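See structure below.
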Ligand code: CMC
């Protein structure tokens, strides 16, 4: 990185002014390199929630939140969603370029050859209660993969990193489908490698051993699109978690489990599940006629109620993924003859009312990807509690691409944030009788 400009920080406490280099990215805001701040002044920066902090340099995904633009390796999400499938998108995120046909075929063959999990993995599943949340199962089972692929893995070796990426991509659909089958008490379905990546996922989720599962191309395409839209999203909470976990040199499968744990929260990947729960709640209160009352509650800060699927830390405009998801919703509901789906009708009315309301307009709160993705997934037959698992499956490629980028960076250091300490200063431990 080279710097043409500098930032000079002056202090009112007698500390001498200090110059810091300013770096330009290929697009997006400049950054002030404050790495020498502590050495030069004995002071830290304070930025809880990383509102103004770039924690790394990356070439993978770019978001312009004001424009509502999302690019994977420079390609707009709208074009990838129409012209590519999920595996091509994975190849792009991992390798930096879209594959040629032979490259694509080779990549697909490699991924599909790794779809089975070690038979011992089934024992992990049976240790869980049948009513355990599938995300709890997924955190545990993906973490458990590290026990199968640890001793032979040298993370400094690019070939080993690539094989780990392939294994994760290949085994996530199998594990996600197993989590679902376990919760409904059906036998696990072995993968079928002659199907497409997403067709195989649907086969393992919805097939049963006693019947041939008929793959519906429209529905496969819709689920594949959901995977593309969720594949990466630069330095969000779960990706930053994977990077931080990986910065210590930890096993990548364990790092991805940490990402899954972070994704589970309702402010992040859990929002699609929370959104459908919210729509059900409004329906039970009386549906469209009660949207006004619900919006009033959302605007009342003491209620603690949020309009789920609305708002985003980075997008201050319509999330481009939400637009595509809305289109996908039309397609799927049309293909299934569910054009009058009450959730979709309610969501569209809710969106319209919120977008015209001053509270949301002033705060630039627009629908995010999760506003419609739950409706599409429900129509595909995916149970509500599995929604976040599908998100985790899709995001695995982003996590592993970002992890690999970090490990291959020669300047990489263990992540170690500092703090503003406001607790008690040094004091003496009193014997029990004097406390
Ligand atoms: N409903 C009502 N008010 C909201 C909402 C919402 N969904 N989102 C933000 N606000 C308000 C918030 O109360 C605050 O108001 P005020 O300025 O009066 O205090 C203002 O808007 C700014 O919000 P913030 O909490 O500072 O924004 P943030 O950037 O910290 O939070 C968010 C972003 C996504 C956590 C938040 O918008 C939210 O909780 N949304 C609902 C959950 C959701 O849909 N999450 C999915 C995110 S997209 C999927 C992903 O990429 O993971």
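In the working numbering, the protein residues as written are 612 to 1046.
Idealized CB from N, CA, C, for every residue including glycine.
All figures in this text were calculated on a predicted structure; none of them were measured in a lab.
- Item | Simplified DSSP assignment, three categories, for residue 681 | As a first step, residue 681 must be located in the chain shown, where it is residue number 70. Three-state result, residue 681: strand.
- Message: Please state whether the Cβ-Cβ distance between residue 788 and residue 812 is less than 8 Å.
- Response: Looking up residue 788 in the chain shown gives position 177. Looking up residue 812 in the chain shown gives position 201. Yes, they are a contact pair.
- Message: Given 7 Å as the limit, tell me if residue 847 has its C-beta closer than that to any heavy atom belonging to the ligand CMC.
- Response: Your numbering for residue 847 matches position 236 in the chain shown. Under cutoff, so the answer is yes.
- Message: So if DSSP puts residue 765 in a beta bridge, which residue, or which two residues, is it bridged to?
- Response: Locating residue 765 in the chain shown gives position 154, counting from the first residue. Partner(s): none; residue 765 has no beta bridge.
- Take the Cβ of residue 777 as the centre, count every other Cβ of all protein chains shown within 10 Å, and call the residue buried at 16 or more, exposed below. To locate residue 777, count along the chain shown from 1; it is residue 166. It counts as buried.
- Task: Spell out a yes or no on whether the stretch 976–985 and the stretch 923–938 are touching, meaning 3 or more CB-CB pairs, one atom from each, closer than 8 Å.
- Result: yes
- Answer yes if the stretch 852–861 comes into contact with the stretch 946–959, meaning at least three C-beta pairs across the two stretches below 8 Å, and no otherwise. no
- Task: Pick out whichever of 1007, 616, 1020, 647 has its Cα sitting closest to the Cα of residue 670.
- Result: Along the chain shown, read from residue 1 onward, the residue named residue 670 stands at position 59. Per the Cα distances, 1020.
- Query: Excluding five sequence neighbours on each side, which residues of the same chain lie with their C-beta closer than 8 Å to the C-beta of residue 714?
  - Reply: Mapped onto the chain shown, residue 714 falls at position 103. Closer than 8 Å at the Cβ level, and outside the excluded window around residue 714, lie 702.
- Does at least one heavy atom of the ligand CMC sit under 7 Å from the Cβ of residue 920? On the chain shown, position 309 is the one that residue 920 refers to. With a cut-off of 7 Å, the C-beta of residue 920 is classified as near the ligand CMC, since at least one heavy atom of the ligand falls inside that distance.
- Message: In the DSSP assignment, the beta strand (DSSP E) including residue 629 goes from what residue to what residue?
- Response: Counting from 1 along the chain shown, the entry for residue 629 is found at position 18. Residue 629 -> beta strand (DSSP E) spans 629–634.
- Which residues in the same chain as residue 614 place their Cβ atom closer than 8 Å to its Cβ, once the five residues preceding and following it in sequence are excluded? Within the chain shown, residue 614 is the residue found at index 3, counting from 1. Shown here for residue 614: same chain residues with a beta carbon closer than 8 Å to its own, the five before and five after excluded, namely 632, 633, 634, 644 in chain order.
- Message: Determine whether the beta carbon atoms of residue 853 and residue 781 lie at a separation below 8 Å.
- Response: If you number the chain shown from 1, residue 853 lands on position 242. If you number the chain shown from 1, residue 781 lands on position 170. Contact: no.
- Task: Pick helix, strand or coil for residue 799, following the three-state DSSP scheme.
- Result: Here residue 799 refers to the residue found at position 188 of the chain shown. Of the three classes helix, strand and coil, the one that applies to residue 799 here is coil, per DSSP.
- Query: If you compare alpha carbons, which of 651, 660, 625, 626 is closest to residue 925?
  - Reply: Looking up residue 925 in the chain shown gives position 314. Ranking 651, 660, 625, 626 by Cα distance to residue 925 puts 660 first.
- Task: Tell me whether residue 616 is buried or exposed, calling it buried when 16 or more other Cβ atoms sit within 10 Å of its Cβ.
- Result: Taking the chain shown and counting its residues from 1, the one referred to as residue 616 is at position 5. So residue 616 ends up on the exposed side.
- Would you mind reading off the limits of the beta strand (DSSP E) that contains residue 958? If you number the chain shown from 1, residue 958 lands on position 347. No beta strand (DSSP E) holds residue 958; the alpha helix (DSSP H) holding it covers 953–966.
- Message: Can you check which of these residues, 667, 850, 815, 987, is closest to residue 945 by C-alpha distance?
- Response: Along the chain shown, read from residue 1 onward, the residue named residue 945 stands at position 334. That would be 987, whose Cα lies nearest to the Cα of residue 945.
- Just the C-alpha distance for residue 901 and residue 706, rounded to the nearest angstrom, thanks. Position 290 of the chain shown, counting from 1, holds the residue named residue 901. Position 95 of the chain shown, counting from 1, holds the residue named residue 706. Cα-Cα distance, rounded: 49 Å.
- Item | Local conformation of residue 787 per DSSP, three classes | As a working note, residue 787 is residue 176 in the chain shown. Helix at residue 787.
- DSSP three-state call for residue 999: helix, strand or coil? Taking the chain shown and counting its residues from 1, the one referred to as residue 999 is at position 388. The answer is helix: DSSP assigns residue 999 an H, G or I state.
- Message: Do residue 984 and residue 847 count as a contact pair if the criterion is CB distance below 8 Å?
- Response: Residue numbering aside, residue 847 sits at position 236 when the chain shown is read from its first letter. Residue numbering aside, residue 984 sits at position 373 when the chain shown is read from its first letter. Going by C-beta atoms, residue 847 is not nearer than 8 Å to residue 984.
- Task: Put residue 770 into one of helix, strand or coil per three-state DSSP.
- Result: Here residue 770 corresponds to residue number 159 of the chain shown, with the count starting at 1. Note: residue 770 maps to helix in three-state DSSP.
- Alpha-carbon spacing of residue 1038 relative to residue 1031, whole angstroms: For this step, residue 1038 is matched to residue 427 along the chain shown. For this step, residue 1031 is matched to residue 420 along the chain shown. When rounded, the distance between both Cα atoms is 19 Å.
- Query: According to the neighbour-count rule (16 or more other Cβ atoms, all chains shown, within 10 Å of its Cβ), is residue 982 buried or exposed?
  - Reply: Locating residue 982 in the chain shown gives position 371, where the first residue counts as 1. By the neighbour-count rule (16 or more Cβ atoms within 10 Å), residue 982 is buried.
- the stretch 732–750 / the stretch 989–1007 touching (three or more Cβ pairs under 8 Å): yes
- From 845, 628, 651, 668, pick the residue whose C-alpha is nearest to that of residue 641; which is it? As a position in the chain shown, residue 641 is number 30, starting the count at 1. The candidate whose alpha carbon is nearest that of residue 641 is 668.
- Query: Mind checking whether the beta-carbon of residue 979 lies closer than 7 Å to any heavy atom of the ligand CMC?
  - Reply: Sequence index remark: in the chain shown, residue 979 carries index 368 (1-based). Checking every heavy atom of the ligand CMC against the Cβ of residue 979, one is found closer than 7 Å.
- Exposed or buried, which one is residue 657 when buried takes at least 16 other CB atoms within 10 Å? Residue mapping note: residue 657 aligns to position 46 of the chain shown, counting from 1. Within a 10 Å sphere around the beta-carbon of residue 657 sit fewer than 16 other beta-carbons, which makes this residue exposed.
- Item | C-beta atoms of residue 793 and residue 739 nearer than 8 Å | The sequence position of residue 793 within the chain shown is 182, counting from 1. The sequence position of residue 739 within the chain shown is 128, counting from 1. It is a contact, given that the beta carbons lie within the stated cut-off.
- Bridge partners - residue 619, DSSP secondary structure assignment: What you label residue 619 is simply residue 8 of the chain shown in a count that begins at 1. 630, per the DSSP bridge assignment.
- Query: DSSP state of residue 980, grouped into three classes?
  - Reply: As a working mapping, residue 980 is identified with position 369 in the chain shown. Three-state result, residue 980: coil.
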